[in-house]
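In mature numbering (1 follows the signal peptide of the UniProt record, and there is no 0), the protein residues as written are -20 to -1, 1 to 408.
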Amino acid sequence: MKTRSLYTLLGTTALLGFLACTDDTSTDTTTGDEVGTTGSTGDGDGDGDTGDGDGDGDGDGDGDPGDGDGDGDGDGDGEGDPVCGDGAVEGDEQCDDGNPDNTDACLDNCTVAACGDGYVHEGVEACDDGNDINDDECSNRCALATCGDGAVQASEECDDGNMDNTDECLDTCLNPSCGDGYVQLDVEVCDDGNDVDSDDCPSTCTPAACGDGFVWEGNESCDDGNDVETDECLTTCAAASCGDGHVQAGVEECDDQNMDDTDQCVSGCLSATCGDGFVHEGVEECDDGNDDDDDDCSNTCEQNIPDSCHFVSGFLWCYNPAACGQPCNATCAALGLQPTADTEGWFNAQNSTPKCQTIAAAFGLTGSAAGYTYACLEDMSGDHTNTALIGPLLCSTHAPCPVNHLTQMDQNGVACGPNSRRSICPCE
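So, in structure tokens, the structure goes:
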């Protein structure tokens, strides 16, 4: 197929026609006789006729002109090579729209427009760079490069061709990262898109939890990220304090998680010691919290008491033989003491025969001791309700006291004699 321009071919044909007309005019300047002679003796004008071609034998020289198809046969129907651009699809042409426009469906080389031909097909293609490089500015689909087309451009970190922000490439063609606001599946548990570490999703993209090292506002008092219970922050993310059961190093001496000041760890998380003002049960007899060694409680936390007194069941019991028949206030006063203020406590400490016997044994007294205490020596045959320690003590002529603690004596009582029992009173 000849791929020359139809318009060039038409121009050339016109020129040849003009020259042919000029030759005919020149021939016509001869006389008719000359023409006739020529016509009568020649072979004609190439169409095979003899003479002038009109059949009248007059030699007028108007024989038929040749057909111009160059084949010498005078028929003018000879076939030449197809010409691209003549508007007719011929031979091996894919198309022929008769124009040189390369932005339509048919190129000027009579091939159908296609992506990759280097020409932008108007209304169909956005670009066409004529190459097979897919990651340049024009893809192999003749579309302008853009995020989401599946081809990674120089300005993109990734491009997976989808809008899923939970995979390995965001819809912005950036690689996912903690803090981008999207939860990446199988990698992140949360992602709130900020760098605040005090909310429910810190900058690690894992849910806030005690021990992560970040103080979760409104939920934790502290968070030091370790499992040490002796520092300022416990593993429960609560600030260390006296009474939490954990000894804070350098701050507390002990911490037994209770408010009992009679055990080995007193309030303030200090170890119990003589002079702290708390009586350490089973260890100290007293503790007045001062350094006066001449008062009722010595500096060794031992009670400074008369020889005729002993501590039993938490009370100081005193025995004064000279106070027989007198109330306990007189018994205590004879030793420079006074009756205990805890009347209910001392009463309960000796309200049975075994308890009375325990008190008597502390003084080295043997035998039945029920009559030695105020609980067993009732006032005026009354029942066991008087705890004021003010009535006169009557000596019992019978021991032990009955279960109802009524005295075994007459209404008026009897005087204390040499063999009578004497009272042991609680003093302080």
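Note that beta-carbon positions come from the ideal geometry of N, C-alpha and C, so glycine has one too.
Can you tell me whether residue i is buried or exposed, with buried defined as 16 or more other CB within 10 angstroms of its CB?
i: Ser251; result: exposed
i: Thr7; result: In this prediction, Thr7 has a pLDDT of 39, which is less than 50 and means its spatial position is unreliable; what the coordinates show is noted afterwards. By the neighbour-count rule (16 or more Cβ atoms within 10 Å), Thr7 is not buried but exposed.
i: Thr126; result: exposed
i: Asp51; result: Note that Asp51 scores a pLDDT of 48, beneath 50, so its modelled location is shaky; the value from the coordinates is reported in the next line. Exposed.
i: Leu165; result: exposed
i: Ile339; result: buried
i: Val169; result: exposed
i: Asp112; result: exposed
i: Gly65; result: buried
i: Leu124; result: exposed
i: Gln237; result: exposed
i: Gly37; result: Because Gly37 carries a pLDDT of 42, less than 50, the predicted location of this residue cannot be relied on, and no value is offered for it.
i: Pro80; result: exposed
i: Ser119; result: buried
i: Gln330; result: buried
i: Val208; result: exposed
i: Asp271; result: exposed
i: Ala228; result: Rather than Ala, the amino acid found at residue 228 in this sequence is Gln. That one is buried.
i: Glu232; result: buried
i: Pro406; result: buried
i: Glu105; result: buried
i: Glu264; result: buried
i: residue 484; result: This structure cannot speak to residue 484, because the chain is shown only from -20 to 408.
i: Val195; result: buried
i: Ala267; result: Per the sequence shown, the amino acid found at residue 267 is Asp instead of Ala. Buried.
i: Pro334; result: exposed
i: Asp171; result: buried
i: Val176; result: exposed
i: Thr320; result: buried
i: Asp235; result: buried
Starting from residue i, follow its DSSP beta bridges and name the residues at the other end.
i: His290; result: Trp297
i: Pro319; result: Cys407
i: Gln283; result: Cys277
i: Ser251; result: Cys245
i: Leu124; result: Cys118
i: Thr219; result: At residue 219 the sequence reads Ala, which differs from the Thr that was named. Partner(s): Cys213.
i: Cys86; result: Val92
Could you spell out where the alpha helix (DSSP H) holding residue i opens and where it closes?
i: Cys308; result: Cys308 to Ala313
- Contact the region 68 to 77 vs the region 86 to 106: 3+ CB pairs below 8 angstroms: yes
- Is the number of C-beta pairs between the region 175 to 185 and the region 201 to 209 that are closer than 8 angstroms three or more? no
- Task: Count the CB pairs spanning the region 278 to 298 and the region 308 to 327 that are closer than 8 angstroms, and state whether there are at least three.
- Result: yes
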